[in-house]
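Inspection log for the structure reproduced underneath, given as structure tokens.
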Amino acid sequence: MKEINSIAEYLDYISEIKFLAKRTYSVGCYTFFRGQANIEWKLTPGLYRSNLFTSESLLLIELQHICPEEFLTNRFETLVKMQHFGLPTRLLDTTTNPLVALYFACKDDHVSEKDGIVYIFPNLPVMWSTSQVVDLIMDFVFECNPSLVYLEGVADISQQKYPLIIKGLISECTRSILHYYTIPAMAVMPAKTNERIEAQDGAFLIFGMNVQNKRSSVNPGTKGRVYYNFKPAEISSPQDICREAEMVLIPSKSKKEILKQLDLVGFNERKLFPDLEHKIQYIIRDVLANRFNGF
Numbered sequence: 001m002k003e004i005n006s007i008a009e010y011l012d013y014i015s016e017i018k019f020l021a022k023r024t025y026s027v028g029c030y031t032f033f034r035g036q037a038n039i040e041w042k043l044t045p046g047l048y049r050s051n052l053f054t055s056e057s058l059l060l061i062e063l064q065h066i067c068p069e070e071f072l073t074n075r076f077e078t079l080v081k082m083q084h085f086g087l088p089t090r091l092l093d094t095t096t097n098p099l100v101a102l103y104f105a106c107k108d109d110h111v112s113e114k115d116g117i118v119y120i121f122p123n124l125p126v127m128w129s130t131s132q133v134v135d136l137i138m139d140f141v142f143e144c145n146p147s148l149v150y151l152e153g154v155a156d157i158s159q160q161k162y163p164l165i166i167k168g169l170i171s172e173c174t175r176s177i178l179h180y181y182t183i184p185a186m187a188v189m190p191a192k193t194n195e196r197i198e199a200q201d202g203a204f205l206i207f208g209m210n211v212q213n214k215r216s217s218v219n220p221g222t223k224g225r226v227y228y229n230f231k232p233a234e235i236s237s238p239q240d241i242c243r244e245a246e247m248v249l250i251p252s253k254s255k256k257e258i259l260k261q262l263d264l265v266g267f268n269e270r271k272l273f274p275d276l277e278h279k280i281q282y283i284i285r286d287v288l289a290n291r292f293n294g295f
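Residue numbers for the sequence shown follow the UniProt record's numbering, so the first one is 1 and each next one is one higher.
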């Protein structure tokens, strides 16, 4: 793990990483960064930390029913917006801008005494948010109970909805769907539909699942059907997301100085949180720190 104490050291280290720039109509190749202000925090999305995994679709549907006018976009954008307003989801925020990640690794007054960390995921295969693969995952997120999933039924419907990625015999379709469901973390590039995503060069990891068990039904109406029980994917290290993942340590003693350097080049609360509330907070702190008191 590389330790850095300034923006210059950080950018020198980043520049040594070999970045690729490949694009197709469905997949891009990007490097994602994630900054965390406490090195002890795990790489885990809010839904998986909050013991709400089995209630995922219920949370989403309830919120849509309460505020239908707020969620009129596609399902992925809806999930992003729900997370933005505080709902635990399986999304983990990342960025394509290394300085944005460095800001978040330093900026958290509650853990200023803790070392920060930047995770670097080089050259990830990244899905566009409008791809059929992302739509398939969103169908699960919004419609399925992870503890009782009839995959053959999902395959039958998905074969018609997503012919580019789900095709062949039902058994083949089922295997394809199971593959997509169990990707540990899928990298997704969102549409720039809100100011914060635009300002932060935002991107996301959709966390996947593992099969906990499966069983054959003995009920008269569904006898013989195989039902799957899923659990959250277990990410024990950043290499579970990307084999070439790297980490940069930001010592707690260097956080304040790095934040000053970031402010000088325009990476601050006012820039990264363009809503009025955050702009006001930035101005107040700036005035308190720099006002002239003497005559």
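Virtual Cβ for every residue (Gly too), placed ideally from N, Cα, C.
Can you tell which of the options has the C-alpha that lies nearest to the C-alpha of residue i?
{"i": "threonine 174", "options": "Glu16, Leu52, Ser158, Met186", "result": "Ser158"}
{"i": "methionine 209", "options": "Lys231, Asn123, Ile197", "result": "Lys231"}
{"i": "leucine 164", "options": "Thr193, Glu152, Ser131, Tyr150", "result": "Ser131"}
{"i": "lysine 255", "options": "Gly224, Leu148, Asn268, Asp115", "result": "Asp115"}
{"i": "alanine 101", "options": "Ala187, Pro184, Leu272", "result": "Leu272"}
{"i": "glycine 168", "options": "Ala155, Asp201, Arg215", "result": "Ala155"}
{"i": "asparagine 123", "options": "Gly266, Ser237, Ile17", "result": "Ile17"}
{"i": "threonine 96", "options": "Pro238, Tyr30, Ile39", "result": "Tyr30"}
{"i": "isoleucine 129", "options": "Thr73, Phe85, Ala233, Ile258", "result": "It is worth fixing the name first, because residue 129 is serine in this sequence and not isoleucine. Minimum Cα distance to serine 129 is reached at Thr73."}
{"i": "leucine 60", "options": "Met82, Ser171, Trp41", "result": "Met82"}
{"i": "tryptophan 41", "options": "Val111, Arg90, Thr94", "result": "Val111"}
{"i": "cysteine 67", "options": "Glu56, Phe85, Gln160", "result": "Phe85"}
{"i": "isoleucine 177", "options": "Glu9, Phe121, Glu152", "result": "Glu152"}
{"i": "serine 147", "options": "Val211, Thr44, Phe32, Lys223", "result": "Val211"}
{"i": "tyrosine 48", "options": "Tyr150, Val188, Glu234, Asn219", "result": "Glu234"}
{"i": "proline 125", "options": "Gln160, Ala187, Tyr162, Phe33", "result": "Ala187"}
{"i": "threonine 222", "options": "Ser252, Tyr150, Glu172, Gly28", "result": "Tyr150"}
{"i": "serine 57", "options": "Ser15, Val141, Thr44, Gly28", "result": "Val141"}
{"i": "serine 252", "options": "Ser236, Glu9, Gln160, Glu113", "result": "Glu113"}
{"i": "proline 160", "options": "Thr182, Leu136, Ile183", "result": "Before going further, note that residue 160 is glutamine rather than proline in the sequence given. Nearest option by C-alpha distance: Leu136."}
{"i": "threonine 44", "options": "Arg90, Glu172, Thr182", "result": "Arg90"}
{"i": "glycine 46", "options": "Pro220, Leu92, Leu11", "result": "Leu92"}
Note down, in chain order, each residue of its chain lying with its Cβ closer than 8 Å to the Cβ of residue i, except the 5 sequence neighbours on either side.
{"i": "isoleucine 283", "result": "Arg270"}
{"i": "tyrosine 13", "result": "Lys2, Ile4, Val248"}
{"i": "isoleucine 7", "result": "Leu99, Leu102, Ile258, Gln261, Leu262, Val265"}
{"i": "phenylalanine 71", "result": "Leu63, Gln64, Thr78, Lys81, Met82"}
{"i": "glutamine 281", "result": "Glu269"}
{"i": "proline 190", "result": "Phe76, Glu77, Val80, Ser129, Ile197, Gly202, Ala203, Phe204"}
{"i": "threonine 54", "result": "Asn145, Pro146, Ser147"}
{"i": "glycine 224", "result": "Ser216, Ser217"}
What does DSSP give as the partner residues of residue i in its beta bridges?
{"i": "isoleucine 117", "result": "Gln36, Leu249"}
{"i": "tryptophan 41", "result": "None; tryptophan 41 has no bridge partner."}
{"i": "valine 188", "result": "Met127, Phe204"}
{"i": "tyrosine 30", "result": "Leu124"}
{"i": "tyrosine 150", "result": "Tyr227"}
{"i": "lysine 2", "result": "Val248"}
Once the 5 residues before and after residue i are set aside, which same chain residues still bring their CB inside 7 Å of it?
{"i": "alanine 105", "result": "Gly35, Gln36, Ala37, Gly116, Ile117, Val118, Ile250"}
{"i": "proline 52", "result": "The residue you asked about is not proline; residue 52 is leucine in the sequence shown. Cβ neighbours of leucine 52 beyond the five flanking positions: Leu59, Pro88."}
{"i": "glycine 294", "result": "The predicted model places glycine 294 with a pLDDT of 48, which falls under 50 and marks its position as unreliable, so this point remains unresolved."}
{"i": "valine 133", "result": "Met127, Ile165, Tyr180"}
{"i": "tyrosine 227", "result": "Leu148, Val149, Tyr150, Lys214, Arg215, Ser217"}
Leaving out the 5 sequence neighbours to the left and right, which residues in its chain are closer than 6 Å to residue i when beta-carbon positions are compared?
{"i": "asparagine 213", "result": "Asn229"}
{"i": "methionine 138", "result": "Arg75, Phe76"}
{"i": "alanine 185", "result": "Leu205, Phe207, Ile241"}
{"i": "threonine 193", "result": "Glu77"}
{"i": "arginine 196", "result": "none"}
{"i": "aspartate 108", "result": "Ala37"}
{"i": "alanine 245", "result": "Phe121, Pro238, Gln239"}
### Query
Which ranges would you report for the beta strand (DSSP E) in the stretch 202-238 if only whole runs of at least 3 residues count?
As for any beta strand (DSSP E) of minimum length 3 sitting wholly inside the stretch 202-238, the runs are 202-207, 209-216, 226-232, ordered along the chain.
### Task
Run through the stretch 49-125 for me and flag every whole alpha helix (DSSP H) of 4 or more residues, listed as ranges in chain order.
List check, alpha helix (DSSP H) in window: 56-66, 75-84, 98-106.
#### Entry: the stretch 93-100 touching the stretch 198-212, judged by at least three CB pairs closer than 8 Å
Yes, the stretch 93-100 is in contact with the stretch 198-212.
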